[in-house]
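Chains A and B, in that order, give the protein sequences. Under numbering that gives the first Met the number 0, the first residue of the first sequence is numbered 0, with each subsequent residue one higher. Under numbering that gives the first Met the number 0, the first residue of the second sequence is numbered 0, with each subsequent residue one higher. Where a beta carbon is used, it is the ideal one built from N, C-alpha and C, also for glycine. Given the structure is predicted, the values throughout are model-derived calculations rather than measurements.
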Amino acid sequence: MTKSTVSPRLAPNRLERFFEDAKPAYSYAEARIEAQRCLNCHDAPCVKHCPTEIDIPKFIGQIASGNTRGAATTIFEQNMLGASCARVCPVEEMCVGACVYQGFNDQPIAIGRLQRHATDEACADERATGRRLFTPAAPIGRKVALVGAGPASLACAAHLALAGAQADIYERDGVPGGLNTTGVAPYKMKAESSLAEAEWLLSHGARLIAGVAVGTDISFASLLDEYDAVFIGVGLAEVRTLDLDGPGVWAATDLIRAIKTEQRFALPPGVRRAVVIGGGNTAMDIARELAMLGVKKVTVAFRRREAEMSAYAHEWVGARSYGVLLRENLRPLAVVHRDGALYAARFEETDSGREIELACDLLALAVGQDVGMQAMEAGVRQNANGTVWVDPTTRRTSVGRVYAGGDCINGGREVVDAAADGRIAANAMLAEWKAEKNGG
Amino acid sequence: MADLRINFCGIESPNPYWLASGPPTNSGEQVMRAFDAGWGGAVWKTLGDPIVNVNSRFGAMDIAGAKVAGFTNIELITDRPLAVNFEEMAAVKKRYPDRALIASLMVESRSEWREIIRRSEDAGCDGIELNFGCPHGMCERGMGSAVGQEPRVLAEITSWAREFSSIPVLVKLTPNVGDILEPGLAAVGSGADGLSLINTIKSVIGVDLERMTPLPAVSGEGTHGGYCGPAVKPIALHMVGALSRDARIAAPLSAIGGVTTWRDAAEFLALGAASIQVCTAVMHKGYRIIEDLVEGLSEFLDANGMASVGELSGRATPNFLEWGDLDLNYRVVADIDADACIGCQLCYTACLDGAHQCIHINQAPCHAWHGEPDHGQGVRARVANPVEHEAPAQSDARVPWVDEAECIGCNLCELVCPVPGCITMREVSVDTRRQSWNERVRGTAL
Ligand SMILES: Cc1cc2nc3c(=O)[nH]c(=O)nc-3n(C[C@H](O)[C@H](O)[C@H](O)COP(=O)(O)OP(=O)(O)OC[C@H]3O[C@@H](n4cnc5c(N)ncnc54)[C@H](O)[C@@H]3O)c2cc1C
Ligand SMILES: Cc1cc2nc3c(=O)[nH]c(=O)nc-3n(C[C@H](O)[C@H](O)[C@H](O)COP(=O)(O)O)c2cc1C
Ligand code: SF4
Ligand code: SF4
Ligand code: SF4
């Protein structure tokens, strides 16, 4: 068995560094003013709309009182990925969307930015003073293998390590973080923030074994032999391509990954018109990123109507604010190349049946990712759509000692869902071991 | 347009607003700018034997982001030569003959009082204000609040001033007393033409936890200061009202303490003030606050059919009673406007923990006590029997509702609700007639 611990490192000169934060960090003065507006609601609706159920009024009150470390502790106790969630969560659809101020003066509390402030400041304080927010418990003699080093596994491993268990994360890539590092839009979070967070999470005692693909380099069965439990956090599988291919045609996630992580990556010179196929959040992300990179005309081609797009309203508004255009009712047919270069994308107008061409130098496909676990042969029961079936209260799979969380169980949701799964699974394992011990 | 002019024991002013004695009235140049902005009068920074000040000398208390809710200072009286002050006062009066110019004075001996009053009159002042209020620095030297707290000394000095002065004499009272009527009666009894109140309240505004120093800090050490600003308004209102309703006090009252808006001023006027003085709000926001102080008051008088400031003055005084004269049979209950409610449930928490456990929410079982009271005999379980209250049919999931039969009408919920007008207190008609505690006690005594 090959085990290599690759130190998490990113290429310098990444294109993502060009992007500015859409929601920049607060100064303490700004954070305090915002925090003081929070009403400290009873049975707060914002908390109910946070998948990790962070005690939001409590941590905001702690920012207001100047207890920033306490605020961060409140956040991390529920969500070890509180720092990245603060940046990437679609808060408009979650906590902020539920804030009671929505019904009053339409100026809801900026919960995400406050969370970023608390977690950033507290982690900076840790580095400056050496005083840790959390100290791991004494070893309890249990060890867990986690497959994939995305948000789900990182959260699970951190909770386990703090409870005194050994947590070994097997990651096929060289760097941890999963889509948090390679996928989320760079105006929300840069890859380096995701890596810094992963490093912080691992610093509580978990181990990263990078460059090892489970199923290929090491078998799933051998993990079950060696460990007390296994957590599956492999995310989604390959992207769909609609059989469109050739120069200038990209899978959106590959293009985003290149922008975020590749050294000296740049859009080919002369890209002036781009077409993005899709209507979900990934389509919105890549369309906005291309527009921000200076592509003159970016058109989203969606096969149904605007109202039917699965993208969040605020993401579409965000893309539009950079001049992104929308063409509705277009079913992609083929790509047209001329002189070895992309020339246009051909569509059928579903309402008229007519065929049209949209001229473009770049085509990005954002039509979803498949859920696929076949390669791993973990033997766990899967739902009809390919997602891993888990017990809703424990995240345990159909196979004993095997747990799962994140995109591979929900088919592709948010980082915060993965963070919640990681905590719930870790607690379920700990509870099970405790019961075993008490029972015999 | 209502008539904003006032005549305060002979001192005329185009509007009831005067700058209180303090930093905004330090110099002629400042007072002239204030008069240009529209202030009706100014009480000059207290004159006396020039002193030496320490630094820093101010401190402020911010509440939940609201800056300078309370303010403190350890500044003394003027630190500029008397001759310069009088020269500038004369120039101000000459240029602004229609504004009220009042000299605030604080000296020790009878001869010093005679001298400084003469010089004030020579400078053209319309009146003098005896500063018996400063609670720090000057009182240690037997002046300021050391005088204001001793009715006999206060009476004696007031009578000197009355004897020497041909212009109206105002006495500025300190709030650092048990009963404001004592110095108030002493002042009018010895000839004061008017009373100004309040001066600042003895206080420590805070502690610097890094340097372990009371604030404001003077080189790592601190002392108590004089508290003022918006936070002291309720104390000042009470003292003004207490003097205003006492039949023995006929002298007009110049109200001071936390006035920031025309509404504050209107409240002081309604409780019996005849003029208004402002210090902290000007230090915080500048002379230009006079614009809305004037416009807002004028608008208020017009809207309420009052032709002059005098018509407002004292309107609320007859309704300011002792507790024992209030009606024990009056009843109100809280009413929640479900359409305005944003579902924060602050009222629920407040009534549950801080009032009478009669606001309920629909989803959760109610944690209020629903068992029989045990009159302190045994241990009372925290939640004896969580009850599912039956919510009114129309109510929205997060809108709380009030159990009217249980509501005692304390109005805590109304106060904590963040949405203006969402919770109101509705009068409930009761059959029994009005009866106060004093009436009840008299009834049983008979
Ligand atoms: C373009 C894009 C933008 C997004 N933007 C947002 C956003 O703004 N906000 C938000 O909350 N969410 C966003 N998401 C979703 C979010 O990134 C995911 O929900 C989240 O990362 C899921 O975490 P995970 O741990 O389940 O999986 P992943 O993040 O996918 O991590 C899985 C990890 O497992 C590794 N792996 C897979 N198979 C193996 C194997 N056999 N052996 C070893 N390692 C393996 C992978 O290399 C990867 O590192 C976005 C997703 C995409 C694609
Ligand atoms: C910095 C400062 C200095 C003051 N100096 C004097 C003074 O010299 N003489 C005086 O009678 N009152 C003085 N006062 C008290 C004010 O005139 C006034 O009575 C008090 O501040 C309450 O009013 P306010 O709440 O509008 O500030 C001073 C107040 C402050 C804040
Ligand atoms: S709903 Fe809004 S105001 Fe209420 S606790 Fe949450 S963030 Fe604060
Ligand atoms: S405090 Fe006001 S807004 Fe909040 S729940 Fe109660 S009635 Fe509604
Ligand atoms: S008035 Fe007092 S007792 Fe009545 S509902 Fe409000 S808080 Fe409760």
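{"Check": "If I'm right that C45 of chain A touches I55 of chain A with Cβ under 8 angstroms, what's the distance once you round it to whole angstroms?", "Outcome": "5 angstroms"}
{"Check": "Under the criterion of a Cβ to heavy atom distance below 7 angstroms, does V398 of chain B qualify as lining ligand 4?", "Outcome": "yes"}
{"Check": "Just reading off the alpha helix (DSSP H) that L201 of chain A is part of, what are its end residues?", "Outcome": "190 to 201"}
{"Check": "Is it the case that the CB of L449 of chain A approaches a heavy atom of ligand 3 more closely than 7 angstroms?", "Outcome": "An answer regarding residue 449 of chain A cannot be provided, because it is not within the stretch 0 to 439 covered by chain A."}
{"Check": "With distances taken between CB atoms, is the gap from V248 of chain A to V334 of chain A smaller than 8 angstroms?", "Outcome": "yes"}
{"Check": "At the level of alpha carbons, what is the spacing between G370 of chain B and E431 of chain A?", "Outcome": "Per-residue confidence for G370 of chain B stands at a pLDDT of 47, beneath the threshold of 50, marking its modelled position as unreliable; the derived number appears in the next sentence. Those two C-alpha atoms are separated by around 40 angstroms."}
{"Check": "Using a 10 Å radius around the Cβ and a threshold of 16 neighbouring Cβ atoms, would you call L270 of chain B buried or exposed?", "Outcome": "buried"}
{"Check": "Mind reading off the beta-carbon distance from V299 of chain A to A286 of chain A? Whole number of angstroms is fine, and I expect it under 8 angstroms.", "Outcome": "5 angstroms"}
{"Check": "Which same chain residues end up closer than 6 angstroms to R118 of chain B when comparing Cβ atoms and leaving out the 5 residues on each side of it in sequence?", "Outcome": "F85"}
{"Check": "Taking Cβ positions only, does V67 of chain B come closer than 8 angstroms to chain A?", "Outcome": "no"}
{"Check": "Which residues of chain B have a Cβ atom closer than 8 angstroms to the Cβ of F103 of chain A, listed in chain order?", "Outcome": "I341, P417, V418"}
{"Check": "Going along chain B, which residues have a C-beta under 7 angstroms from V99 of chain A?", "Outcome": "I341, G342, C343"}
{"Check": "Do the CB positions of Y286 of chain B and A19 of chain B come within less than 8 angstroms of each other?", "Outcome": "no"}
{"Check": "Do P167 of chain B and G9 of chain B have their C-beta atoms closer together than 8 angstroms?", "Outcome": "yes"}
{"Check": "How far does the beta strand (DSSP E) with S20 of chain B in it extend, from its first residue to its last?", "Outcome": "Careful: S20 of chain B lies outside any beta strand (DSSP E) and carries neither H nor E."}
{"Check": "Using a C-beta cutoff of 8 angstroms, does G205 of chain B count as contacting chain A?", "Outcome": "no"}
{"Check": "Below 9 angstroms on C-beta distance, what does P107 of chain A contact in chain B?", "Outcome": "Under the 9 angstroms cutoff, chain B gives no residues; its nearest Cβ is about 11 angstroms from P107 of chain A."}
{"Check": "Can you find a CB in chain E that lies within less than 8 angstroms of the CB of T173 of chain B?", "Outcome": "Absent from the structure: chain E. Protein chains present are A and B."}
{"Check": "Would you list the residues sitting across from W400 of chain B in a DSSP beta bridge?", "Outcome": "B:H359"}
{"Check": "Do H116 of chain A and G245 of chain A have their CB atoms nearer than 8 angstroms?", "Outcome": "no"}
{"Check": "Starting from D369 of chain A and walking both ways along the alpha helix (DSSP H), at which residues does that stretch end?", "Outcome": "Per DSSP, D369 of chain A belongs to no alpha helix (DSSP H) and is neither H nor E."}
{"Check": "Beta-carbon within less than 7 angstroms of R56 of chain B's beta-carbon, same chain only, minus the 5 sequence neighbours each way: which residues are those?", "Outcome": "N72, I73, E74, P215"}
{"Check": "Taking 6 angstroms as the limit between beta carbons, can you name the residues of its chain near A419 of chain A, skipping five residues before and five after?", "Outcome": "P50, T51"}
{"Check": "May I have the straight-line CA-CA distance separating G277 of chain A from Q165 of chain A, to the nearest angstrom?", "Outcome": "42 angstroms"}
{"Check": "Using a Cβ-Cβ cutoff of less than 8 angstroms, which residues in the same chain neighbour R4 of chain B once the five nearest sequence positions on both sides are dropped?", "Outcome": "E11, S12, P13, N14, S307, V308"}
{"Check": "Any chance the segment 133 to 146 of chain B sits against the segment 221 to 236 of chain B, with 3 or more Cβ pairs inside 8 angstroms?", "Outcome": "yes"}
{"Check": "With H, G and I counted as helix, E and B as strand and the rest as coil, what does DSSP make of G375 of chain B?", "Outcome": "Annotation note: pLDDT 38 at G375 of chain B (below 50); position unreliable, no value reported."}
{"Check": "For the structure I just gave you, are there three or more beta carbon pairs, one from the segment 404 to 419 of chain A and one from the segment 222 to 241 of chain A, closer than 8 angstroms?", "Outcome": "yes"}
{"Check": "What are the start and end residues of each continuous alpha helix (DSSP H) run of 4 or more residues lying completely inside the segment 54 to 123 of chain B, in chain order?", "Outcome": "81 to 94, 109 to 121"}
{"Check": "Distance, Cα to Cα, D172 of chain A vs F103 of chain A?", "Outcome": "47 angstroms"}
{"Check": "Is it buried or exposed, Q106 of chain A, if we count other Cβ atoms within 10 angstroms and call 16 or more buried?", "Outcome": "exposed"}
{"Check": "By the three-class DSSP mapping on this structure, what secondary structure does W261 of chain B have?", "Outcome": "helix"}
{"Check": "Cutting at 6 angstroms between CB atoms, please list the residues of its own chain near D406 of chain A, excluding the five before and the five after it.", "Outcome": "G234, L235"}
{"Check": "Write down every uninterrupted run of the alpha helix (DSSP H) in the segment 125 to 212 of chain B whose length is 4 residues or greater and which is fully enclosed by it, in chain order.", "Outcome": "144 to 147, 150 to 163, 180 to 188"}
{"Check": "Give me, in chain order, the residues of the same chain whose beta-carbon lies closer than 8 angstroms to that of Q262 of chain A; leave out the 5 immediate sequence neighbours on both sides.", "Outcome": "A10, P11, N12, R13"}
{"Check": "Would you call P267 of chain A buried or exposed, if buried means 16 or more other Cβ atoms sit within 10 Å of its Cβ?", "Outcome": "exposed"}
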